[in-house]
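Residues in the sequence shown are numbered from 1 upward in steps of one, following UniProt numbering.
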Amino acid sequence: MEFQIKHFVITNLPNGKFSIEKYAFDSVSQMIEHHLNKKESISRANEVILRTPILRQAWEHAHEDVELTKKLGEGAFGEVHMGKLKLRNGRKVDVAVKLAKLEVLTKEQIKEIMHEARLMRNFDHPNVVKFYGVAAGQEPLMVLMELVNCGALDSYLQKQEQPIEKKNEMCLQAAWGLEYLHMKNVLHRDIAARNCLYGDNKVKISDFGLTREGTVYQMDPHKRVPIRWLAPETLKMAIYTQKTDVFSYGIMCWEIYNNGIEPYPGMTVAEVNQNVKEGYRMELPFNVPPDVQTLIKVRCWSENPNDRYSMADIAKHLQRILQIPRPDFAASILRLRQFEMNQNEPAMEEIRIVGNDTYRLPRGSPGTLPNEAHRRYSRGYAHNEVAMSSRSLAATFSFLAGQLVHIASFQPSENHKFPGFCEQNLHICNQLGE
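The structure is reproduced here in structure tokens:
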């Protein structure tokens, strides 16, 4: 059987009880406990039995673990706050928190937020902003990221003139970050100083709203795009490749060397569009090292994409020109590999119940717990998942503050990974967990 998504709405009754289709309960936990113990289908139309509980993924956080401390500003989909995140080991870290009120967002906007979050889960590099996860158990949806203390790179550059040595280093750090993204087989598609953060003497690539997986992306030509940062072939054919990212990277280097001002000063967007397609390129400031100028003009801004260097080559040549060695990213790569291994582990190889009791439930087993363990474990289900089976089907059951149940059904497989929890009137959990 192919993948299919099913939704079961948990109704909030006027008397304060909760119901799916059959019975009413005082709480959602009580509802789950009943169906676990009775082995009774939650649906009249389909036989779907709760069997194996699934804990939250490492990137799924509870709202009570997030403390908002200061509003930083407004983002594309809501407010951005400074905050503290309590990790599962008890340690607290500073985070930037994007708040999104789902009722005021379109499905496309929610899909974009979840797409960005799903991509960022896979990134681990000193020059790419770190993603801590989401808190989606209630409104507002929270997207949790590393707090970078100096803010957007363009704003930082505009505040105070930086020495040329520091600007050189910024360009190289951005090259390392973009090289990494290309190694991860993604196109950023919106490389610009405004979409990088700066803190602790590091440039960190951020804002992955337009990022797409793959090496080529054909865009809808009617969508709005940042004209001043685009390669000529993107302006002509709405096509994106790693080499168009390289062109945009060259524009960002121009921004860095010009203290964060907007590219093509004095030109309208229409003039930029026309002039770039006709071969016009900006001049770099006189104090930029000559070899760096040549690298940007010839190997980033070439008309023919095939004449542009890859980001790996750009980084290698910048390291040689600037005499700055590449840091040891081995630890970062090891963390990334460990993260990917953890993501691929069989779901629910082990369940830790309240207290110190541990029960093993390997995939494919009947997945039953002692009744007392079921009762104790079900109290913690408010932000977790429950796996179900329906004859030859397996499914995940997740719910949001007693409002909505999400079920992702599929043919059982030893290697298949259950989608993660996160749902609000659309397949958020499927987008994050796939």
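Quick reminder that beta carbons are idealized off the backbone N, C-alpha and C, glycines included. All of these numbers come straight from a predicted model, not from anything done at the bench.
What is the DSSP secondary structure of residue i, counted as helix, strand or coil?
i: residue 106; result: coil
i: residue 247; result: helix
i: residue 142; result: strand
i: residue 268; result: coil
i: residue 239; result: strand
i: residue 16; result: coil
i: residue 319; result: helix
i: residue 24; result: strand
i: residue 298; result: helix
i: residue 217; result: strand
i: residue 9; result: strand
i: residue 128; result: strand
i: residue 275; result: helix
i: residue 292; result: helix
i: residue 233; result: helix
i: residue 306; result: helix
i: residue 283; result: coil
i: residue 228; result: helix
i: residue 324; result: coil
i: residue 255; result: helix
i: residue 261; result: coil
Whole angstroms are fine: how far does the CA of residue j sit from the CA of residue i?
i: residue 12; j: residue 146; result: 37 Å
i: residue 140; j: residue 300; result: 41 Å
i: residue 91; j: residue 137; result: 21 Å
i: residue 131; j: residue 321; result: 32 Å
i: residue 80; j: residue 129; result: 15 Å
i: residue 170; j: residue 103; result: 39 Å
i: residue 186; j: residue 213; result: 4 Å
i: residue 309; j: residue 159; result: 32 Å
i: residue 39; j: residue 33; result: 10 Å
i: residue 327; j: residue 201; result: 14 Å
i: residue 184; j: residue 43; result: 42 Å
i: residue 51; j: residue 172; result: 52 Å
i: residue 88; j: residue 263; result: 44 Å
i: residue 95; j: residue 155; result: 20 Å
i: residue 18; j: residue 261; result: 56 Å
i: residue 127; j: residue 292; result: 20 Å
i: residue 152; j: residue 167; result: 15 Å
i: residue 93; j: residue 175; result: 27 Å
i: residue 216; j: residue 242; result: 7 Å
i: residue 351; j: residue 56; result: In this predicted model, residue 351 has a pLDDT of only 33, less than 50, meaning its place in the structure is not dependable; the value taken from the coordinates is given anyway. If I take the Cα positions, the gap works out to 11 Å.
i: residue 37; j: residue 83; result: 40 Å
i: residue 123; j: residue 117; result: 10 Å
i: residue 120; j: residue 98; result: 14 Å
i: residue 230; j: residue 70; result: 35 Å
i: residue 59; j: residue 109; result: 21 Å
i: residue 257; j: residue 280; result: 19 Å
i: residue 282; j: residue 265; result: 10 Å
i: residue 85; j: residue 271; result: 46 Å
i: residue 8; j: residue 47; result: 13 Å
i: residue 31; j: residue 61; result: 23 Å
i: residue 23; j: residue 74; result: 44 Å
What do you reckon, are the CB atoms on residue i and residue j nearer than 8 Å?
i: residue 239; j: residue 218; result: yes
i: residue 100; j: residue 133; result: no
i: residue 157; j: residue 259; result: yes
i: residue 222; j: residue 205; result: no
i: residue 165; j: residue 232; result: no
i: residue 227; j: residue 269; result: yes
i: residue 437; j: residue 54; result: Here the chain has residues from 1 to 434 only, and residue 437 is not among them.
Please confirm whether any heavy atom of the ligand GTP lies closer than 7 Å to the CB of residue i.
i: residue 59; result: The model on display carries no ligand, and the ligand GTP is accordingly not part of it.
Flag this pair as touching only if the stretch 175-189 and the stretch 313-330 have three or more C-beta atom pairs under 8 Å; answer yes or no. yes
Please specify which runs of the beta strand (DSSP E), each continuous and at least 3 residues long, are wholly inside the stretch 30-117, giving them in chain order. 49-54, 66-74, 79-86 and 92-100
State whether the stretch 121-135 contacts the stretch 60-77, with contact taken as three or more CB pairs (one from each stretch) at a distance under 8 Å. yes
Using 8 Å as the Cβ pair cut-off and three pairs as the minimum, do the stretch 107-119 and the stretch 203-223 touch? yes
Could you check whether the stretch 221-241 touches the stretch 143-159, counting it as contact only if at least three pairs of C-beta atoms, one from each stretch, sit closer than 8 Å? no
Segments assigned alpha helix (DSSP H), at least 4 residues, entirely inside the stretch 131-214: 153-159 and 164-183
Validate contact between the stretch 193-208 and the stretch 250-257 using beta carbons, cut 8 Å, 3 pairs: yes
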